[in-house]
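The structure under discussion appears below in the form of C-alpha cells.
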Amino acid sequence: MKKLPLKIALLLTVIISSSNLFAQDFQGKAYYMSKTTMDLDQFGGQDMSAERKKQIQERMKSFLEKEFTLTFTKSESIYKEEEKLEAPGSGGRRGFGGSLTGGPKYKNVQTKEMLQDQEFFGKQFLVKDELKTIEWKMGTETKTIGQYTCFKATAMVEPTGIDFQSFRRPRNGNQRKEGEKGKDSTDSNEPAKPKTIEVVAWYTPQIPVNQGPDNYWGLPGLILEVNADRTTILCTKIVLNPTDKETIEKPKKGQKVTQEEYTEITTKKMEEMREMYGGRNGRGGGRGRN
2 MKKLPLKIAL LLTVIISSSN LFAQDFQGKA YYMSKTTMDL DQFGGQDMSA
52 ERKKQIQERM KSFLEKEFTL TFTKSESIYK EEEKLEAPGS GGRRGFGGSL
102 TGGPKYKNVQ TKEMLQDQEF FGKQFLVKDE LKTIEWKMGT ETKTIGQYTC
152 FKATAMVEPT GIDFQSFRRP RNGNQRKEGE KGKDSTDSNE PAKPKTIEVV
202 AWYTPQIPVN QGPDNYWGLP GLILEVNADR TTILCTKIVL NPTDKETIEK
252 PKKGQKVTQE EYTEITTKKM EEMREMYGGR NGRGGGRGRN
C-alpha cells in the first residue's frame, strides 16, 4: 500500500485526535481583527496630497479596522462586532460608517440558515437567507497561527453587499451637463455586477467545527484567517469551553429581507447619495439633477 503524503497524514491525525475532545455541549469563542484597505484614488483622491490621504484614512480607521467575536458550537455561531470607545473627534459610528456597520450575524451550518440584524440610515432590517455553500479547494500547505496548525483552502466567491466601485466620484471629464443623457463608467443607476474574488482561508482541524468569521464556513476545522480582496480577518485569541457559556440567540428585530433585497435597498440609497454629491460638485453647482 502506498504511503500517504506527510501533510495529508498529519491532517488525518489531527482530525482523529481532536474529534474526541469535543462533547455535544461544546462551545468556543474566537476573537478576530478585521482590516480593510481602500484606494482613495478610486473615490476622487487622485489630486490629494499624501498628507491629506493619510488624514482621511485615519478618520476612516474605525470603519476599516474592527474587532469581532465568534461564539460557536458544532452547529451554531454568532459573529458580533466588539463595541469600543471612539477617540475624540473621530466621528464615532454615526453618519456614513455607522450606517454600513453590520449587526450580529447568526449561522446554523446544519439547517443552512443565516440571519443578520442590520441598521441602515436609521431603519432596522433582519437579513434572512440561506447559508451559501462555498466550494473550497483543499490544499496541503500549512502554517502555525498561535498554537494551532492550520491548513490552506481557497475558493472563488461573489462578494455580498455594496460594491463601492459603483459609487466612485465622477471625474470632471466624465460629468454630464444638466439634462444630458448617456452612460459613462460611473453613470449607471444599476449596481455593478458582483465580481468574483479569490478567498484564501486558513483553518485548524484541532478545533473540528466547520465554523468561521463573517460569511465563511464549511471547512473541517475552525477558520482562523481569511484573505479576501482588500480585507484580512485574523484570529487573535481562542477560548474553548468557557466556564460561563453564552446563549447563542437568533437576531429577531427588523424588516425581513433577503440578502439580495437588502443589497438592492442599500445600493439604491448609496446611488442617491452619489448623485447628490456629484450634483454639488459638478459643473452646474446645483444640489441635484433630474
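Residue numbers for the sequence shown follow our numbering, beginning at 2 and rising by one. Where is the CB? At the ideal position from N, CA and C, for every residue including glycine.
- Burial is judged here by how many other beta carbons sit within 10 angstroms of a residue's own beta carbon; residue 202 has at least 16 and is buried.
- Residue 200 and residue 227 do touch by the CB rule: their CB atoms are close to 6 Å apart, below 8 Å.
- In the DSSP secondary-structure assignment, residue 138 is bridged to 155.
- Per the coordinates, the alpha-carbon of residue 241 lies some 41 Å from the alpha-carbon of residue 271.
- Take the alpha-carbon of residue 77 and the one of residue 220: they are about 14 Å apart.
- Shown here, residue 263 sits in a helix according to DSSP, grouped into three states.
- The residue among 71, 81, 123, 212 with its C-alpha nearest the C-alpha of residue 134 is 212.
- Rounded to whole angstroms, the gap between the alpha carbons of residue 268 and residue 261 is 10 Å.
- A direct Cα-to-Cα measurement between residue 264 and residue 105 gives close to 17 Å.
- The secondary-structure analysis by DSSP pairs residue 107 across a beta bridge with 79, 116.
- Taking a contact as a CB-CB distance under 8 Å, the pair residue 151 and residue 143 counts as one, their CB atoms being some 6 Å apart.
- For residue 73, the enclosing beta strand (DSSP E) begins and ends at 66 to 73.
- When 276, 72, 249 are compared, the shortest CA-CA separation from residue 31 is found for 72.
- Cβ neighbours of residue 83 within its own chain (closer than 7 Å, five residues either side excluded): 68, 69, 70.
- Between residue 132 and residue 252, the C-beta spacing is not below 8 Å.
- Beta-bridge analysis with DSSP links residue 202 to 154, 227.
- The alpha carbon of residue 65 has as its nearest neighbour, out of 79, 234, 239, the alpha carbon of 234.
- For residue 196, the closest alpha carbon among the candidates 236, 157, 214, 210 is that of 157.
- Residue 218 and residue 110 have their C-alpha atoms some 8 Å from each other.
- Taking residue 125 as the centre and dropping the five residues before and after it, the same chain places the C-beta of 254, 255 closer than 6 Å to its C-beta, in chain order.
- The beta carbon of residue 155 lies closer than 8 Å to those of 137, 138, 140, 199, 200, 201, 202 in the same chain, with the five residues before and after it left out.
- Secondary structure of residue 34 (DSSP, three-state): strand.
- In this structure, residue 33 keeps its C-beta atom at 8 Å or more from the C-beta atom of residue 243.
- The beta-carbon distance between residue 224 and residue 29, rounded to whole angstroms, is 12 Å. This is too long to meet the 8 Å contact definition.
- The bridge partners DSSP lists for residue 123 come to none.
- With respect to residue 27, residue 81 sits apart: the two C-beta atoms are not nearer than 8 Å.
- Going by C-alpha positions, residue 232 is about 17 Å away from residue 204.
- Following the DSSP letters along the chain, one finds residue 257 inside the beta strand (DSSP E) bounded by residues 256 to 258.
- Within its own chain, the residues whose Cβ lies closer than 8 Å to the Cβ of residue 230, once the five positions on either side in sequence are excluded, are 160, 198, listed in chain order.
- If you look at residue 240, you'll find it in the beta strand (DSSP E) that goes 232 to 241.
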